Amino acid sequence: MSMVTQILNWISASLLLPVIVLLLASLAAALISLGGFCATYLSLLQEKKKRALLLAKIRNSVRFSETDIEENGIFADHVRMLFSFGFDQLECEKYISEIEQSYEKELERSRFLAKTAPMLGLMGTLIPMGPALAGLAGGDIANMAYNMQIAFATTVVGCTVAGIALLINSVKKHWYIEEITNLRYVLDRQTAGR
181 MSMVTQILNW
191 ISASLLLPVI
201 VLLLASLAAA
211 LISLGGFCAT
221 YLSLLQEKKK
231 RALLLAKIRN
241 SVRFSETDIE
251 ENGIFADHVR
261 MLFSFGFDQL
271 ECEKYISEIE
281 QSYEKELERS
291 RFLAKTAPML
301 GLMGTLIPMG
311 PALAGLAGGD
321 IANMAYNMQI
331 AFATTVVGCT
341 VAGIALLINS
351 VKKHWYIEEI
361 TNLRYVLDRQ
371 TAGR
């Protein structure tokens, strides 16, 4: 039985370094995503007014054409694409579905980080607890303190990564839903006017 326990302890201890490396990589990915998120947020703030103007033009116009689009930006480009398809229901629905899939794929990254970071943090917490408890039992307070520092640091990093990823995922999800809803509105508005 002690041999099985020793094997489990050896396996557990050998996982600490990979867990810490994965946590640091996750933190780097989360910080890079946060930077991209902030840049996207600033550009969307500038585009918000343009999108509202374009939607108002479409809403108030009996016959709206591609030449009436003076605005620039992602939404305006999507509307131009719908015009290029001649508002053919099948082609436009396919295009909107492709946009939806690309948004879903982008959200999957932050969802993955939000799910895996706490697991890595928990593993990084539990793995050094064994040596910390052994250090406490043997009277080696310095070893115990070192292992406890690792345990708490990995927990904090895991929770931080998960928090960043959850924030990005939640806000982007609302952006993307609004974009898709507006595109479907434009499509329905233009096809209803025929």
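Numbering (my numbering), first residue to last: 181 to 374. Built from N, CA and C at the ideal position, the CB exists for glycine as well. Predicted, not measured: the structure shown is a model, and the values here were computed from it.
Opening and closing residue of the alpha helix (DSSP H) in which Asp-320 lies: For the purposes of this step, residue 320 is identified with residue 140 of the sequence shown, where counting begins at 1. Taken as a continuous stretch (DSSP letters only), Asp-320 belongs to no alpha helix (DSSP H), as it is neither H nor E.
What span of residues does the alpha helix (DSSP H) with Glu-227 cover, start to end? As a working note, residue 227 is residue 47 in the sequence shown. Segment 196-240, the alpha helix (DSSP H) holding Glu-227.
Burial state of Phe-255, where buried means 16 or more other Cβ atoms lie within 10 Å: Taking the sequence shown and counting its residues from 1, the one referred to as residue 255 is at position 75. By the neighbour-count definition (other C-beta atoms within 10 Å, threshold 16), Phe-255 is a buried residue.
Give the DSSP-derived three-state secondary structure of Ser-282 in the structure shown. As a position in the sequence shown, residue 282 is number 102, starting the count at 1. DSSP places Ser-282 in helix when its eight states are reduced to three.
Using DSSP with H/G/I as helix, E/B as strand and the rest coil, what is Gly-253? As a first step, residue 253 is located in the sequence shown; it is residue number 73 there, counting from the start. The answer is coil: DSSP assigns Gly-253 none of H, G, I, E or B.
Would Leu-196 and Leu-300 qualify as a contact pair, given that the criterion is a beta-carbon distance under 7 Å? The sequence position of residue 196 within the sequence shown is 16, counting from 1. The sequence position of residue 300 within the sequence shown is 120, counting from 1. Cβ atoms of Leu-196 and Leu-300: not closer than 7 Å.
Leaving aside the five residues before and after Leu-316 along the sequence, list all residues of the same chain whose C-beta is less than 7 Å from its C-beta, in chain order. In the sequence shown, counting from the first residue as 1, residue 316 sits at position 136. Contacts found: Met-324.
Output needed for Leu-235: all residues of its chain with C-beta closer than 7 Å, excluding positions within five of it in sequence on either side, in chain order. Position 55 of the sequence shown, counted from the start, is the residue given in the question as residue 235. Closer than 7 Å at Cβ, skipping near neighbours: Asn-362.
Quick check on Ser-206: buried or exposed, where buried means 16 or more other Cβ atoms within 10 Å of its Cβ? The residue given as residue 206 occupies position 26 in the sequence shown. Buried, by the Cβ-count rule.
Any contact of the stretch 255-266 with the stretch 303-321, i.e. 3+ C-beta pairs under 8 Å? Not touching, per the Cβ criterion.
Tell me which residues share the same chain as Leu-353 and place their Cβ nearer than 8 Å to its Cβ, disregarding the 5 neighbours each side in the sequence. Sequence index remark: in the sequence shown, residue 353 carries index 173 (1-based). The sequence shown places Lys at residue 353, not Leu. Result list for Lys-353: Leu-287, in chain order.
So, does the stretch 341-352 touch the stretch 280-299, judging by three or more C-beta pairs under 8 Å? yes
For Gly-343, the three-state DSSP class (helix, strand or coil): As a working mapping, residue 343 is identified with position 163 in the sequence shown. Looking at Gly-343 - three-state DSSP - the assignment turns out to be helix.
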